[in-house]
Structure formats: C-alpha cells, structure tokens
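Trainee: Before anything else, here's the structure in question.
In the numbering used here, the protein residues as written are 187 to 437.
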C-alpha cells in the first residue's frame with residue numbers, strides 16, 4: 187500500500203511538472219507573438235519621410251499664394267500617398283543643378299539641411315533652368331547629375347532616390363519660352379542625361395516630359411503647371427512610389 191501511495195504521489199507530481207512546463211511554453215509563445223505583433227504594428231505606423239528637391243516647378247510657382255500650400259505637386263503627393271507618408275517641399279525658384287550658375291541648388295543650403303535629417307525617399311528634379319543659354323553645359327550637366335545622385339544616396343539614412351526629367355516647356359503667344367528656357371535642350375539632352383544618370387547610379391527614373399508632352403493646357407505660362415498640371419505630376423509620382431513599395435524596391 188505504501189508503495190502504491192508513493193507511486194500515485196510521484197505520478198501526480200510528474201503531471202504537475204508537465205503542466206507547469208506547458209504553461210511556461212504557452213506564456214513564452216504568447217509573449218513572443220505579442221512582441222512580434224507590436225513590432226509589426228510599430229513598423230506599419232512609421233512615417234516615411236519624402237523630400238522633394240528641385241526648382242520652381244517643385245516649389246509650386248504658377249499657383250496663387252493661397253493655392254500653393256495644397257496644390258503644388260509635393261502637397262498633392264502627400265495627399266495621394268496617405269497618412270503613412272510625410273512629404274517635404276524643398277523647391278527653390280530659379281534653381282539649377284549646375285553649380286556654375288548664379289543660383290545653383292548647392293548654394294541654397296537645402297542639400298545640407300536634407301543631409302542633416304533622415305529622409306527615406308528623395309525626389310530630385312533640376313534641369314529646366316539649366317537649359318538656358320547662359321547656363322547650359324551638356325558635359326557638366328551629365329557629370330554633376332550623377333555626382334549629386336550619388337551624394338544623396340550616401341546620406342546616413344540611405345534614402346532611395348528618384349530623379350525626374352522635367353516637363354515639356356511651351357512658348358507663349360509671342361513664340362518664346364519665358365526666361366530663355368530651351369525646350370529643345372530639355373527634350374533632347376536633359377531628359378536623356380537624367381535617364382542615363384539614373385541607370386548609372388541605380389536611382390529611380392520618372393519621365394515627366396512624357397506625361398506632359400503636347401499638353402500646353404497643363405501650364406499657366408508654358409513652364410509652370412496649373413492645378414491640373416500639378417495634380418498630374420503628383421499622380422505620376424505617387425503611382426510610381428506605390429508600385430515600387432509593393433515590389434520591395436525600398437523599405
């Protein structure tokens with residue numbers, strides 16, 4: 187009888203221990219899953235910082251003072267991408283890519299400001315003002331375009347960079363394009379130089395010339411888009427970002 191009692195006590199302890207181990211594993215598993223869910227939720231909540239670098243077309247010139255904060259292409263882009271994205275407008279009217287001009291983007295301070303922050307995506311569009319006869323230098327433009335993209339890619343946050351060919355530029359009724367901008371240079375050289383720089387550096391290429399070609403109705407003065415034009419630019423960029431995000435091009 188004593189042996190039988192000892193056996194029952196031993197079996198009871200054994201099952202208690204087994205149950206305790208099972209409970210321990212259940213708690214550990216639940217905690218692991220909870221942590222994983224919290225991490226995934228935090229990642230989903232993280233805001234993607236998008237910086238738009240460029241000239242007056244990025245800035246939103248051509249719109250009224252009241253319209254610009256909500257109708258320029260970066261503002262429209264933020265609306266289209268939704269709450270997980272924050273889009274910052276670093277457009278500077280008159281800016282060029284070429285550092286030999288009187289208003290090079292490098293001299294504005296926005297590159298240094300961008301490098302001090304933590305962008306996830308950078309969208310670069312410079313070239314319309316570079317096409318002016320006083321500034322244009324084909325060899326330098328090609329070289330400096332690639333160099334700037336590489337510099338942006340080396341920012342500590344390692345942003346994914348998009349570089350965009352500028353829209354078509356149209357003449358006024360006088361037959362001239364404002365500010366001496368040369369659409370032949372934009373179409374034939376700037377556009378292809380930007381495409382080649384994107385291929386060389388692994389940046390994303392977006393061709394805004396293609397979506398505005400033969401559409402002067404999208405512009406207020408032949409160079410700066412109207413509300414419809416800016417909306418079109420934003421939709422083009424947003425669609426590309428959505429596609430690339432789904433494809434895992436950037437995190």
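Where is the CB? At the ideal position from N, CA and C, for every residue including glycine. Quick caveat: nothing in here was measured; it's all calculated off a predicted structure.
Where does residue 303 sit, in a helix, a strand or coil, going by DSSP?
Mentor: Coil.
Trainee: Name the residue from 415, 346, 378, 368 whose alpha carbon lies nearest to the alpha carbon of residue 431.
Mentor: Of the listed residues, the one whose Cα sits closest to residue 431 is 346.
Trainee: Residue 338 to residue 264, Cα distance in whole Å?
Mentor: Whole-angstrom Cα-Cα distance: 21 Å.
Trainee: Does DSSP classify residue 393 as helix, strand or coil?
Mentor: Three-state result, residue 393: strand.
Trainee: Enumerate in chain order the residues of its own chain whose CB-to-CB distance from residue 421 is below 7 Å, with the five nearest sequence positions on each side excluded.
Mentor: Excluding residues within five positions, the ones whose Cβ falls inside 7 Å are 266.
Trainee: Classify residue 282 as helix, strand or coil using the three-state DSSP reduction.
Mentor: Strand at residue 282.
Trainee: Tell me, please, which residues DSSP counts as bridged to residue 240.
Mentor: In the DSSP output, where bridge partners are listed per residue, residue 240 has 277, 311.
Trainee: What's the C-alpha gap between residue 328 and residue 286?
Mentor: Between residue 328 and residue 286, the C-alpha separation is close to 14 Å.
Trainee: Helix, strand or coil for residue 293? Go by DSSP, reduced to three states.
Mentor: It is helical.
Trainee: For residue 423, report the span of its beta strand (DSSP E) as first-last.
Mentor: Where residue 423 is concerned, there is no enclosing beta strand (DSSP E), although the alpha helix (DSSP H) it sits in stretches over 413-432.
Trainee: According to DSSP, simplified to helix, strand and coil, what is residue 347?
Mentor: Looking at residue 347 - three-state DSSP - the assignment turns out to be strand.
Trainee: By a C-beta neighbour count over all protein chains shown, 10 Å radius and 16 as the cutoff for buried, is residue 414 buried or exposed?
Mentor: Residue 414 should be labelled exposed.
Trainee: Measuring CB to CB, does residue 319 end up less than 8 Å from residue 361?
Mentor: Result no, Cβ atoms of residue 319 and residue 361 do not sit closer than 8 Å.
Trainee: For residue 298, count neighbouring Cβ atoms within 10 angstroms of its own Cβ and tell me buried if that reaches 16, exposed if not.
Mentor: Result: exposed.
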